[in-house]
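Number of protein chains: 2
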Amino acid sequence: MQRPVPDSAPGQVWAHTGQSFPAQDYDVVVLGAGRMGTACALFLRQLVPTRSLLLVEEGGLPNEDGATLLSPGVWTTLDVPESRWPEAHWTRTQLSADTWDITFQPRPVVDLHATAGEARIPSRDLTLDPEVVDVAALPWATVDTRAATYRPGAVALATAQAAIRAGADLLLNTRAHLGGDGRVVLERLTVTNTHQIVVHETHHVRAGTIVVALGAHGSHAAEHDLGTHTAHARAYRQAPRVNWPSTDASPVLRAGGVTLRPQHGGYVLVPAIHHRDPAGYVPTGGRLTGVPTGLRRETLEDLVAALDVLPVLGTEALESGRSVSDVPGAWFALPGGTPAGLPQHEQVAPGVHLLLGGPHADTLGLSTAYDLAATIAGVAERPWDRPR
Amino acid sequence: MQRPVPDSAPGQVWAHTGQSFPAQDYDVVVLGAGRMGTACALFLRQLVPTRSLLLVEEGGLPNEDGATLLSPGVWTTLDVPESRWPEAHWTRTQLSADTWDITFQPRPVVDLHATAGEARIPSRDLTLDPEVVDVAALPWATVDTRAATYRPGAVALATAQAAIRAGADLLLNTRAHLGGDGRVVLERLTVTNTHQIVVHETHHVRAGTIVVALGAHGSHAAEHDLGTHTAHARAYRQAPRVNWPSTDASPVLRAGGVTLRPQHGGYVLVPAIHHRDPAGYVPTGGRLTGVPTGLRRETLEDLVAALDVLPVLGTEALESGRSVSDVPGAWFALPGGTPAGLPQHEQVAPGVHLLLGGPHADTLGLSTAYDLAATIAGVAERPWDRPR
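Protein chains in written order, with the UniProt record's numbering: chain A, 1 to 388; chain B, 1 to 388.
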């Protein structure tokens, strides 16, 4: 990030169980190397470089199962209350720094409506592909001209690398549990030659501060290990590909409750999250009028409802698959239990902080991670509060 | 019901596969002998006794798996828009007839609130059990003094019997599919001596009119068999028992989002339905702070949130069980996909009508079943529209 990193020896990385892990105690242990955990680790190294820090990740870097890789990577203030705009703009400034490779691309978000309203312009004034969106059915548009797209997975990778350069240690392929009383139980995982994931060795590490940044699994981990209760929930969102040509100039489109995000010369379809999924829900492919697909039923219904305004969804361009494993999808945390919940952190036990990104982490994730790092560091100032 | 039943020979009942079923064609076939299907069958026999009618049920009578038995049986206009009150009051008149044994019990519904508002009275003026509800925390109440409780399962049984007396045929233990073109495929089920349910024989029956009254499974059946699409959904609601004494004078209590319904000298807890459950969801017992229970996680959260205002929920009186099979629960249809959806019927194909009850069937189920019967019969008049 832009803030100068103090001189410090780079941290160590343990990627596999062949590398001996000394299991010393740390001032701070961060669980989870998604974009929230990596950013918090980096900011902590910058704000309090004297505190030793270990970042623990169950998978690799980036983790292919988490929400970070599946997030649309759309920065926009359209979904964020105005009181949080200074943070959002600070996040945008960090993301747009030219020091990293996250495919940052200024690109408007065009939110299309059937009716007129405040700050809406005629959508025919925008040059939208008529085979993608039916402008006649949605004659009005809200446009966020400051919006941008980027790759959240690349942000997680870049911040993790920056954190290591700034002295953070990184332990990969390790499952962590909260042991209570400032202890973290670390289970280093390995894969047998029959492809079973097994625990190779278990360590106990003490930490004065623990940051639980496990995404959709964070609140469960805090509850299960600490016996606390949280109000957070989670939802499974799929992001099927739409093979319709897009360019760097193509805007992000929102219509009929779904988002079309230009990516890799095509589009990714991002369905709305309407509400939490119940505990115990296992994602399953849906059938609509008898035809099996890889999309969950609720998303299929949204697509059917959006067909009138987004004709491209009725074409072969949509990769809906045959079973749920055909369609990329991930569990998203819902801070506060609702899809509108903004990224947040919460102290769930003495010295234990839960850090949640969720559906709006593209816009407010970095600033929330900074806010927690500054809280832990005892720093009152926030960079977005500075007069500019 | 009160309407005079024309002279007619009673219908036939086939309860098990030992009884030979002739499989003749019918003018009307009603699928599902829950309270919606049985009521529609009875009203059809009353309105058009010349049309032959077969009522088909997959289980027994009453069906122990459906929503009818698990509905709270609380008639109240609190949840119903005023435009539907004539229907609601007509339904209440039918239910309160002294000709059947449904434990009809006039009993107020007391809806408790933390803040004042229109039509709210001080809740300390009501004699509420302080060990059940904390009146100090909820000083205001809306009271439906016209409310009543009854047993929906008994209504289904009584209307089915009345329909048979009025000439309807009844085929039990039979699974039905829509065959298209006015055909119904009937699979008569039997149980092997290893307790497996198997198809004993299959019949094809023609019907000019088909009523799909399969509760939460109705829209799926219509979609799967007919290739149509509907906007309806479903949710799994549990109703655990609360062993705290109640009397015939105890009101139905609503507080903190849950309902306590006096029954059998105790209470039944009826949680709110917040939204649909996703397709493929299998109900599972939840864990809250590590302790396994038979209540689903979302209901546990509601109970935790309501503990402050309903102290009885924090006692041993609540039968929360150890696994999901310990707690009575059923799938409810959500007409229109939302918990606020009122009972409704919809023609999904020529001659095929989908009849849905859902969470508000206690108040508007009978009238909606009548409305469909009258629609099929070609009768324009509705009894609740008559000047009284």
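Ideal Cβ positions, reconstructed from N, Cα and C, are used throughout, including at glycine. Nothing here was measured: the structure is a model prediction, and the numbers come from that model.
Cβ neighbours of residue i in the same chain (closer than 6 Å, five flanking residues each side left out)
i: B:T159; result: T38, A39 and L42
i: A:W14; result: F21 and L171
i: A:P271; result: V258, T299 and D302
i: B:R188; result: T17, T174, H200 and E201
i: B:H345; result: H353, L355 and L372
i: A:G357; result: M36, P343 and G365
i: A:T149; result: G73, V74, Q105 and R107
For residue j and residue i, believed in contact at Cβ under 8 Å, the rounded distance
i: residue 472 of chain A; j: A:A361; result: The structure shown does not extend to residue 472 of chain A, since chain A is modelled only from 1 through 388, so no value can be given for it.
i: B:Y267; j: B:W244; result: 6 Å
i: B:A222; j: B:V258; result: The pair is not a contact, with the Cβ atoms about 32 Å apart (cut-off 8 Å).
i: B:P339; j: B:P359; result: 6 Å
i: A:V309; j: A:V110; result: So it is not a contact: roughly 13 Å between Cβ atoms.
i: A:R206; j: A:R237; result: Rounded, the Cβ-Cβ distance is 37 Å, inconsistent with contact.
i: B:A166; j: B:Q46; result: 6 Å
i: A:T284; j: B:A279; result: 7 Å
i: B:G314; j: B:R297; result: So it is not a contact: roughly 18 Å between Cβ atoms.
i: B:A147; j: B:L55; result: B:A147 to B:L55, Cβ: 30 Å. No contact.
i: B:H232; j: B:G336; result: 7 Å
Inter-residue spacing [alpha-carbon to alpha-carbon] between residue i and residue j
i: B:R84; j: A:H89; result: 50 Å
i: B:Q263; j: B:S246; result: 7 Å
i: A:D277; j: B:A380; result: 43 Å
i: B:E118; j: B:L128; result: 21 Å
i: B:V185; j: B:G218; result: 15 Å
i: B:H16; j: B:A23; result: 14 Å
i: B:G11; j: B:S52; result: 9 Å
i: A:P108; j: A:R261; result: 11 Å
i: B:H203; j: B:V30; result: 15 Å
i: B:I102; j: B:V291; result: 38 Å
i: B:A176; j: B:G59; result: 11 Å
i: B:T375; j: B:T368; result: 10 Å
i: A:S320; j: A:D326; result: 8 Å
i: A:V80; j: A:G341; result: 10 Å
i: A:V212; j: A:G351; result: 11 Å
i: B:W75; j: B:L95; result: 9 Å
i: B:Y370; j: B:W100; result: 18 Å
i: A:V133; j: A:E57; result: 41 Å
i: B:L8; j: B:A154; result: The residue you asked about is not Leu; residue 8 of chain B is Ser in the sequence shown. Taking the straight line joining both Cα atoms gives about 24 Å.
i: A:L69; j: B:V324; result: 35 Å
i: A:R241; j: A:G265; result: 11 Å
i: B:I210; j: B:T194; result: 34 Å
i: A:I121; j: A:D144; result: 12 Å
i: B:L44; j: B:H274; result: 34 Å
i: A:Y26; j: A:T50; result: 11 Å
i: A:L288; j: A:D181; result: 51 Å
i: A:E87; j: A:D65; result: 28 Å
i: B:P130; j: B:P328; result: 27 Å
Close-in-space but distant-in-sequence residues of the same chain around residue i (CB under 7 Å, 5 per side omitted)
i: A:V48; result: A377
i: A:D248; result: Q105
i: B:S71; result: P152, A361 and D362
i: A:L61; result: A33, L157, A160 and L172
i: B:L138; result: L112, H113, A114, S123, A255 and V309
i: B:G179; result: V185 and H204
i: A:L214; result: L31, G32 and A221
i: B:P4; result: For B:P4, the pLDDT reaches just 48, beneath the cut-off of 50, and the residue's location in the model is therefore unreliable, leaving the point undetermined.
Cross-strand partners of residue i (DSSP beta bridge)
i: B:R261; result: B:V268
i: A:W140; result: A:H113 and A:P122
i: B:E187; result: B:R175 and B:T202
i: A:P86; result: According to DSSP, A:P86 bridges with nothing at all.
i: B:I210; result: B:V29 and B:V352
i: A:G180; result: A:R183
Residue i: contacting residues in chain A (beta-carbon distance under 8 Å)
i: B:R297; result: P278, A279 and G280
Proximal residues of chain B, C-beta to C-beta of residue i below 7 Å
i: A:L288; result: H229
Listed by chain order, chain B residues near residue i by CB distance under 8 Å
i: A:V304; result: H229
i: A:H345; result: Simply none; closest approach about 20 Å.
Within chain A, partners of residue i - CB distance below 7 Å
i: B:T284; result: A279 and G280
i: B:H217; result: Those do not exist, as B:H217 stays about 14 Å from chain A at its closest Cβ, beyond 7 Å.
Chain A contact residues for residue i, given Cβ-Cβ distances below 9 Å
i: B:H275; result: H274, H275 and R276
Beta-carbon contacts of residue i that lie in its chain and below 8 Å, excluding the five residues immediately before and after
i: A:V191; result: I197 and V198
i: A:H229; result: E223
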